[in-house]
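In our numbering, the protein residues as written are 94 to 310.
Note that the Cβ used here is the ideal one computed from N, Cα and C, for glycine as well.
Comments concern the structure below.
Listed below in structure tokens is the structure:
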């Protein structure tokens, strides 16, 4: 779910639609949260093998740490990439404004944090653009991203947070433990989907299922 002070607008023929702030949104504000209305398409879902749906899902969703596709029910699915974005994903699973966002400004994020599965050519016009978002961007930029997130989180409770009521209890508890009590910070790396580890975990589950089903002698 996107921040309520946002709207969908046409950017240009090359980019298409984008999400824009309708009011000033200060640094440290949550601008997106994965709420209970988001559509989760599991990686093993049969619908992903249907060409009619496959392109839609992969275009408008992002991949979470479990490897599932998250398809937003509102205009969050139209947020565009920028190598110098207005917001980025946190290790707590929500997106935070990493600088003040002015009314009328486009809200962008960094696709490198969204578990992209293939290289994406970028249309970012700013100097220093990476030109391509890559699957290994997590490993290349995580330290820098974490520093940026920590700085933004220091402002979290200084401003109104209209999306806070949509945070799941576990996420909110972890966030409060960090901000208020100095608990260990959750790195953006926790949002990375590791296909190798996921496959190993699945094999372990299948092994124990087979073991449990084996007849006793």
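In this structure, residue 164 places its C-beta atom within 8 Å of the C-beta atom of residue 150.
In the three-state scheme derived from DSSP, where H, G and I count as helix and E and B as strand, residue 197 is classed as coil. Residues of the same chain with a CB within less than 6 Å of the CB of residue 157, apart from the 5 flanking positions on each side, are 163 in chain order. Sorting 208, 220 and 204 by C-alpha distance to the C-alpha of residue 214 places 204 at the top.
Our two residues, residue 141 and residue 287, have alpha carbons roughly 19 Å apart in a direct line. Rounded to the nearest angstrom, the Cβ distance from residue 227 to residue 212 is 5 Å, consistent with a contact under 8 Å. In terms of Cβ geometry, residue 108 and residue 208 do not form a close pair [threshold 8 Å]. For residue 114, the closest alpha carbon among the candidates 167, 136, 252 and 200 is that of 200. Residues 107 and 108 of the same chain have their beta carbon placed closer than 7 Å to that of residue 216, with the five preceding and five following residues left out of the count. In the DSSP assignment, residue 103 is bridged to 110.
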